[in-house]
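Undergrad: Got a structure for you, questions after.
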Amino acid sequence: MTSLDQTTSALSSESATQAATRWRWVLAGALCLFSACSEDLHSQQQKTATGDPLWVAIAQNSGWFDSTTELVPIGRYDAGEWERPWPENFDTGSIASIDSNGDLSSNRSVLPPIDYSDPEHIRIDAPLQWHYFSLAGQVNTLTVMDLALQRARCQHQWVLHTDAGKMSVIEEPFRITGVAFNRRVEVVSADFGIPNLGSVQDSLGLMRNGQTRTDEDFRNFFWLGFYRLEDGSIFGVVTDIARRGERYKVVAVHGDQGQVAIDVNGGDC
């Protein structure tokens, strides 16, 4: 990958300040695809007060031959509403058009959130510090080091590489290890906090079906935990797995019912 610093250095040969600023702004959107953005990532200050939006991310190992825990942000809770802060997975295709002068116009719909307010210091518009929770009760603090592209089966997805090594996966061959938040949250025990878990699962259509992943009707799911918001409401994070792909869901729990607040494609073919 080409770093954002290298891109900025390449632009420095332009003598006009206005032209350099314009090129930095355009190239940052298109070429951040190839950028680790590490210096900008480290310089950003993250807010962690309980009044700030709560980000939720899936934690997974980066690949068979890498030793990095990476995060895929899937949801953000702000002012009582759930929203999507991160772009959808995308297939191979154009990320920027090029005119006859070589100018680039980036397709921002496939780019992660980037703060362009200061063209001299372009920043990733996402948390840099995360709290990781595993099914085994492990809690770690993760620091974002790089922005990268990762394969998601037959698609591509943006991920945040962290300073943590590999974690224990839930089930091979899937790489999911747990869930992470930009600040600490209260963990809710399913045994005591979700007494009607079976009914919640039924209301969501979650099922375990088929013997192997090669079966056409194969389905499986794993809860990555239940958590309580400041207003007392409970939500869960679940991965819903089918033969050809999987989905990540944030579920608001109300008694014996579950309502899907966020539904994200985790990768399919």
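Remember, my numbering sits 20 above the position in the sequence shown when you count from 1.
A virtual CB, placed ideally from N, CA and C, is assigned to each residue, including glycine.
Closest to G198 by C-alpha separation, out of I115, L217, L226 and T259, would be which residue?
TA: For the purposes of this step, residue 198 is taken as residue 178 along the sequence shown, with counting starting at 1. Checking every option, the nearest Cα to that of G198 belongs to T259.
Undergrad: Only counting the same chain, and skipping five residues up and downstream in sequence, which positions put a Cβ closer than 6 Å to that of D135?
TA: In the sequence shown, the residue the question calls residue 135 occupies position 115. Same-chain partners within the cutoff: R143 and D145.
Undergrad: D211 lies in the alpha helix (DSSP H); which residues open and close that run?
TA: For the purposes of this step, residue 211 is taken as the residue at position 191 of the sequence shown. Looking at the DSSP string, the run of the alpha helix (DSSP H) that includes D211 is A210 to G213.
Undergrad: Output the distance between the C-alpha atoms of V179 and Q170, rounded to the nearest integer angstrom.
TA: Reading the sequence shown from its first residue, position 159 is the one you call residue 179. Reading the sequence shown from its first residue, position 150 is the one you call residue 170. Approximately 7 Å, taken between the alpha carbons.
Undergrad: Tell me which same chain residues have a C-beta within less than 8 Å of the C-beta of I214, skipping the five on either side of it?
TA: Residue mapping note: residue 214 aligns to position 194 of the sequence shown, counting from 1. Same-chain partners within the cutoff: V208, V220, F246, I254, G256 and V273.
Undergrad: Could you give the first and the last residue of the continuous beta strand (DSSP E) run that contains V271?
TA: The residue labelled residue 271 in the question sits at position 251 within the sequence shown. V271 -> beta strand (DSSP E) spans G265 to H274.
Undergrad: May I ask you to verify whether the segment 180–190 touches the segment 79–98, counting CB pairs closer than 8 Å and requiring at least 3?
TA: Yes: at least three Cβ pairs fall under 8 Å.
Undergrad: State the DSSP-derived secondary structure class of V189, mapped to helix, strand or coil.
TA: Stepping through the sequence shown from its first residue, residue 189 is reached at position 169. Coil, per DSSP.
Undergrad: Taking the CB atoms as reference points, tell me whether I282 and G95 lie closer together than 7 Å.
TA: Walking along the sequence shown from the start, residue 282 turns up at place 262. Walking along the sequence shown from the start, residue 95 turns up at place 75. For I282 and G95, yes; Cβs fall inside 7 Å.
Undergrad: Give me the Cα-Cα distance between P105 and F201, rounded to the nearest whole angstrom.
TA: What you label residue 105 is simply residue 85 of the sequence shown in a count that begins at 1. What you label residue 201 is simply residue 181 of the sequence shown in a count that begins at 1. C-alpha separation (whole angstroms): 13 Å.
Undergrad: Report the CB separation of A168 from G286 in whole angstroms; it is logged as a contact under 8 Å.
TA: Within the sequence shown, numbered from 1, the residue matching residue 168 stands at position 148. Within the sequence shown, numbered from 1, the residue matching residue 286 stands at position 266. Not confirmed; about 17 Å, so no contact.
Undergrad: Using only CA atoms, which one of H181, V270, L124 and L131 lies nearest to Q149?
TA: The residue given as residue 149 occupies position 129 in the sequence shown. Looking at the Cα atoms, H181 is the closest of the given residues.
Undergrad: Taking only the alpha-carbon atoms, compute the straight-line gap between D235 and R263 and give it to the nearest angstrom.
TA: Stepping through the sequence shown from its first residue, residue 235 is reached at position 215. Stepping through the sequence shown from its first residue, residue 263 is reached at position 243. Approximately 7 Å, taken between the alpha carbons.
Undergrad: Verify whether the separation of the beta carbon atoms of G265 and D251 is less than 7 Å.
TA: Against the sequence shown, residue 265 aligns to sequence position 245. Against the sequence shown, residue 251 aligns to sequence position 231. No; because the gap between Cβ atoms is not below 7 Å, this pair is not in contact.
Undergrad: Do P132 and W75 count as a contact pair if the criterion is CB distance below 7 Å?
TA: Counted from its first residue, the sequence shown places residue 75 at position 55. Counted from its first residue, the sequence shown places residue 132 at position 112. No, the Cβ-Cβ distance between W75 and P132 is not below 7 Å.
Undergrad: Please check the pair V270 and W102, which I expect to be a contact at CB under 8 Å, by giving their CB distance rounded to whole angstroms.
TA: Residue mapping note: residue 270 aligns to position 250 of the sequence shown, counting from 1. Residue mapping note: residue 102 aligns to position 82 of the sequence shown, counting from 1. Indeed they touch by this definition, with Cβ atoms about 6 Å apart.
Undergrad: Can you tell which of F242, Q175, R233 and D222 has its C-alpha closest to the C-alpha of L112?
TA: As a working mapping, residue 112 is identified with position 92 in the sequence shown. Correcting the residue type first, residue 112 is Thr in the shown sequence and not Leu. Nearest of F242, Q175, R233 and D222 to T112, Cα basis: Q175.
Undergrad: Using 10 angstroms around the beta-carbon of I118, count the other beta-carbons present and answer buried if the total reaches 16, otherwise exposed.
TA: Your numbering for residue 118 matches position 98 in the sequence shown. Flag for I118 reads exposed.
Undergrad: Just mark W45 as buried or exposed, buried being the case when its beta carbon has 16 or more other beta carbons within 10 Å.
TA: Within the sequence shown, the letter at position 25 stands for residue 45. Confidence in W45 is poor, its pLDDT being 40 and thus under 50, which makes the residue's placement unreliable; the coordinate value appears in the next sentence. Label assigned to W45: exposed.
Undergrad: Any idea if Q158 is buried or exposed, counting beta-carbon neighbours within 10 angstroms, 16 or more meaning buried?
TA: Taking the sequence shown and counting its residues from 1, one reaches residue 158 at position 138. Looking at its Cβ environment, which holds fewer than 16 other Cβ atoms inside 10 Å, Q158 is exposed.
Undergrad: Using DSSP bridges, identify the partner residues of Y152.
TA: Here residue 152 corresponds to residue number 132 of the sequence shown, with the count starting at 1. According to DSSP, Y152 bridges with N160 and A200.
Undergrad: Contact check, N229 vs F238 under 8 Å by CB: the rounded distance?
TA: Locating residue 229 in the sequence shown gives position 209, counting from the first residue. Locating residue 238 in the sequence shown gives position 218, counting from the first residue. Right, their Cβ atoms sit about 7 Å apart.
Undergrad: Bridge partners for H181 per DSSP, in chain order?
TA: In the sequence shown, counting from the first residue as 1, residue 181 sits at position 161. The partner list for H181 (beta bridge, DSSP) reads E90 and D166.
Undergrad: Going by Cα to Cα distance, which pick from L224, N160, S125 and A99 is closest to R203?
TA: One-based indexing of the sequence shown puts residue 203 at position 183. With distances taken between Cα atoms, R203 lies closest to N160.
Undergrad: Taking the Cβ atom as the reference point for each residue, do P73 and D98 lie within a distance shorter than 7 Å?
TA: In the sequence shown, counting from the first residue as 1, residue 73 sits at position 53. In the sequence shown, counting from the first residue as 1, residue 98 sits at position 78. Cβ distance < 7 Å, so P73 and D98 count as in contact.
Undergrad: Cα-Cα, which of P107, N109, D276 and V130 is closest to A116?
TA: The sequence position of residue 116 within the sequence shown is 96, counting from 1. Of P107, N109, D276 and V130, the residue nearest in Cα terms is V130.
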